[in-house]
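Trainee: Order-wise, the sequence lines are chains A and B. Mapping of the first sequence onto the working numbering: residues 90 to 461, in sequence order. Mapping of the second sequence onto the working numbering: residues 90 to 461, in sequence order.
Protein chains: 2
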Amino acid sequence: MNPYPSLNPHPRILLGPGPSMVHPRVLSALSMPLVGHLDPDFLAIMNDVQALLRYIFQTENRVTIPVSGTGSAGMEASLCNFIEPGEAVLIAINGYFGIRLADMASRYGAEVDTLERPWGEVFDPDEIKMALRRRKYKLLALVHAETSTGALQPHIREIAAAAHDHGALLVLDTVSSLGGVPVEIDAWGVDVAYSGTQKCLSVPPGLAPLTVSERALAVLHSRSTPVANWYLDLSLVEKYWGSERTYHHTAPISMNYALREGLRLVAEEGLDARFRRHRENAVLLWEGLQAMGIEMFVPAEHRLPTLTTPLVPEGVDEAAVRRRLLNEYNIEIAGGFGPLKGKIWRIGLMGFSSRRENVALLLAALREILAS
Amino acid sequence: MNPYPSLNPHPRILLGPGPSMVHPRVLSALSMPLVGHLDPDFLAIMNDVQALLRYIFQTENRVTIPVSGTGSAGMEASLCNFIEPGEAVLIAINGYFGIRLADMASRYGAEVDTLERPWGEVFDPDEIKMALRRRKYKLLALVHAETSTGALQPHIREIAAAAHDHGALLVLDTVSSLGGVPVEIDAWGVDVAYSGTQKCLSVPPGLAPLTVSERALAVLHSRSTPVANWYLDLSLVEKYWGSERTYHHTAPISMNYALREGLRLVAEEGLDARFRRHRENAVLLWEGLQAMGIEMFVPAEHRLPTLTTPLVPEGVDEAAVRRRLLNEYNIEIAGGFGPLKGKIWRIGLMGFSSRRENVALLLAALREILAS
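1) Which of the three DSSP states is assigned to Met344/A in this structure?
2) With DSSP run on the structure shown, which of helix, strand or coil describes Ile145/B?
3) Could you tell me the distance, in whole angstroms, from the CA atom of Asn370/B to the CA atom of Met439/B?
4) Is the segment 384 to 404 of chain A touching the segment 221 to 241 of chain A, taking contact as three or more C-beta pairs under 8 Å?
5) What does Leu103/B touch in chain A if you count any residue whose Cβ is under 7 Å from its own?
6) Tell me which same chain residues have a C-beta within less than 6 Å of the C-beta of Ser266/A, skipping the five on either side of it?
7) Give the straight-line distance between the Cα atoms of Tyr185/A and Glu205/A, rounded to the nearest whole angstrom.
8) Chain B partners of His99/A, CB-CB under 8 Å?
9) Rank Ser109/A, Glu333/A, Asp202/A and Val405/A by C-alpha distance to the C-alpha of Ile458/A and give the top, closest one.
10) In the DSSP assignment, find the beta strand (DSSP E) that holds Ile180/B and state where it starts and stops.
11) Does the pairing of the segment 348 to 367 of chain B with the segment 189 to 205 of chain B give three or more beta-carbon distances under 8 Å?
12) In the DSSP assignment, the alpha helix (DSSP H) including Tyr418/A goes from what residue to what residue?
13) Can you give the Cα-Cα distance for His112/A and Pro428/B, rounded to whole angstroms?
14) Could you give the distance in angstroms between the alpha-carbon of Phe131/B and the alpha-carbon of Pro402/B?
15) Per DSSP, which residues does Tyr283/A bridge with? Please list them.
16) Find the residues of chain A that neighbour Glu421/B, judging by a C-beta separation of less than 7 Å, and give them in chain order.
17) If distances are taken between C-alpha atoms only, which option among Glu303/B, Pro341/B and Leu325/B comes closest to Pro293/B?
18) With a 10 Å radius around its C-beta and 16 neighbouring C-beta atoms as the bar for buried, classify His310/A as buried or exposed.
19) Let me know if Leu101/B comes out buried or exposed under the rule of 16 or more other beta-carbons within 10 Å of its beta-carbon.
20) What's the C-alpha gap between His367/A and Pro106/B?
21) Since Ala194/B is in the alpha helix (DSSP H), which residue starts that stretch and which ends it?
22) Select from the segment 187 to 211 of chain B all residues with a C-beta closer than 9 Å to any C-beta belonging to chain A, and list them in chain order.
23) Mapping the DSSP letters down to three states, classify Arg349/B as helix, strand or coil.
24) Under 7 Å, Cβ to Cβ, is there at least one residue of chain A near Ile245/B?
25) So, at 8 Å on beta carbons, what are the nonlocal neighbours of Pro315/A in its own chain, with the 5 sequence-adjacent residues on each side left out?
26) Using a Cβ-Cβ distance cut-off of 7 Å, determine whether Thr159/A contacts chain B.
27) Under the three-state reduction of DSSP, which class applies to Met219/A: helix, strand or coil?
28) Just curious, the beta strand (DSSP E) that Arg202/B is in, first and last residue?
29) Please list, in chain order, all residues of the same chain as Thr159/B whose beta carbon is under 7 Å from its beta carbon, the five residues on each side excluded.
30) How far does the alpha helix (DSSP H) with Arg114/B in it reach, from first residue to last?
31) Among Cys289/B, Cys169/B and Ser157/B, whose alpha-carbon lies nearest the alpha-carbon of Ser443/B?
32) According to a CB-to-CB cut-off of less than 7 Å, which residues of the segment 347 to 361 of chain A neighbour chain B?
33) For the alpha helix (DSSP H) that contains Gly425/B, what are its first and last residues?
34) Enumerate in chain order the residues of its own chain whose CB-to-CB distance from Glu200/B is below 8 Å, with the five nearest sequence positions on each side excluded.
35) Sort Ala162/B, Glu210/B, Trp319/B and Ile180/B by Cα distance to Leu221/B and report the nearest one.
36) Please tell me whether Leu104/B and Leu451/B are closer than 7 Å, where the distance is taken between their beta carbons.
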């Protein structure tokens, strides 16, 4: 029995909201033969990965690790460890991933209050402060870069300070920002932040970078109930990644090889140069789209450089355009969903996908498709 | 900043309890460029992976998928979807992974009753039937192949029938058996079974094969409370892997490439030939060890061919032997833990690691080390 042919995927140019393209050096690291998850070689790799993640997150947090799942597992780890049944949490929602935060928090027995803004807008710190005054919250969670809308939430430092003034932890979703725009965990005072490997880090999906402040760890360690999730229980996971090396689960070896190589590439480029590259290529894209008469959904001051969301021009079948990009040019971009379905495209220029040649090609292909 | 050298892990011969060695074709699949998680190419890969997993599990179950985490995530998915707070579950414990099942189930609010046997022994179906008569259980969970002891639980068909007679689901841990010894989900009547990729399937760790019967799905779909775990909620996950293709989380693309290739290798060899190979190499190992005066911890009739647990000879420092195997011969084997710490070794001959040359080398290395 083997009717299954050899793997032969199309050579896609990945310009959607992730996965982004993966550098050949990372693909090569993926294909290295394996060592065991308690091998001295792997323990050294774990140390490197943690040190490099601290650089990317701009933090000294001891517990800075890749969760052994995709970004969503990182999101869940960021909530389940710090919530006990009956506790109140505040979730600021301005897109799909805010909704998901609220859904997850409720599954852990939290009383979830939400603060909502239309998709595409961002929050003013004052409205968050006002909400924090209304009730005592265990944590405030919000999204730094909303992958469903393309908006970048500013004023994280001010929001973190407000959370702390009211005795709440700040949990921040950095899935589409980490490694593409500045994320300064310690300077901003963020307590818990998570991301995914397949966005601006340009590593395949499968791991979720996570960093946890000492303040948040103190909350974890003083729980009166066990974490209602074994796989993501950081009180167990931190012992495997810490000096004890106590076995918890078998870490995804090859994915950690890949993450280490992806992080080395970030370190070689340097964060500042990397942020500049992401911004420059995004500006090129915005200018090129505008020259074609296409406007952006998010105003320039809150626009994410890593994920651009142009408005679909009047009378254009957006799904047909995406199909032609894929079938005729091997280019992947995404559509909007929820209230933005049919209204926007989502174009990612993340990590190794953020290259001038990709911008030029996409603009050329769009021009050809929209003209025909 | 880049003080981190290129990745250069030692060329290990992996004869521990997993990860096992990975076939070059699987490593090669891992390094293929990525497509998106909703790309038609990837949807076809998902279909192939599901069909191949059905073959490996010997099942027609529609919901037969790789969970996007390691084997432990598969274990947790097998419990959290079918347990509601306050329900009684029965866990049969004869080693570490039974204990973990009980820990996980309790985190989901189950009233956990346990049936215990000393590590290394197996259960008689009659004692399980007796326990099932004492109380009404939502599910019975037990381990087919205990990775902590090397014992293989027989009579699964009889145990499944008893569970069904008493209105309980049967959840089976097949982490160290799937692809190495017969696992017949439909013929035995198992409702939920999970495994890991890094054992007898010889794919890197990071995915957890899972299969769910229609009876178990009916239990899931009639829950009165939401699954207390978003990432592993099968009512959401099944829609991404099913015909709806509703986005849930971004599947680990590269790991699914690898799994597909690993499963193709199993299908090419054929399950029967594969089981025969595992048994033949295990017998060679047992005979070789016995010729050196080393006895096995588990009696022959319940001995797992994929993981052998020899007793450490009197006066031998078992950790020193393992260190020498690793440092002088690049061979990884594992020690015992819990009540078996210092008493046994754990030698895996799983998947691509189960080769005659590996048995010969390990025996030769052990002979040299024990003689010096």
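Backbone N, C-alpha and C fix where the C-beta goes; we use that ideal spot for every residue, glycine too.
Mentor: According to the structure data:
1) helix
2) helix
3) 10 Å
4) Under the three-pair Cβ rule at 8 Å, the segment 384 to 404 of chain A counts as touching the segment 221 to 241 of chain A.
5) Leu123 and Gly125
6) His233, Ala234 and Val272
7) 11 Å
8) Val124, Asp128 and Asp130
9) Val405/A
10) Note, Ile180/B: beta strand (DSSP E), Ala177 to Ile182.
11) no
12) Glu407 to Tyr418
13) In a straight line, the C-alpha of His112/A is about 46 Å away from that of Pro428/B.
14) 51 Å
15) Asp262/A and Leu299/A
16) Gly125 and Asp128
17) Pro341/B
18) exposed
19) For the record, residue 101/B in the displayed sequence is Arg; it is not Leu. Classification for Arg101/B: buried.
20) 44 Å
21) Tyr185 to Arg196
22) Arg189, Asp192, Met193, Ser195, Arg196, Tyr197 and Gly198
23) helix
24) no
25) Asp322
26) yes
27) helix
28) Contrary to the premise, residue 202/B reads as Asp rather than Arg in this sequence. That run of the beta strand (DSSP E) goes Glu200 to Glu205.
29) Gly285, Pro294, Gly295 and Ala297
30) Pro113 to Leu119
31) The shortest C-alpha separation from Ser443/B is found at Cys289/B.
32) Arg349, Glu350, Arg353, Ala356 and Glu357
33) Gly425/B -> no alpha helix (DSSP H), and no H or E assigned at all.
34) Gly175, Glu176, Ala177 and Val178
35) Ile180/B
36) yes
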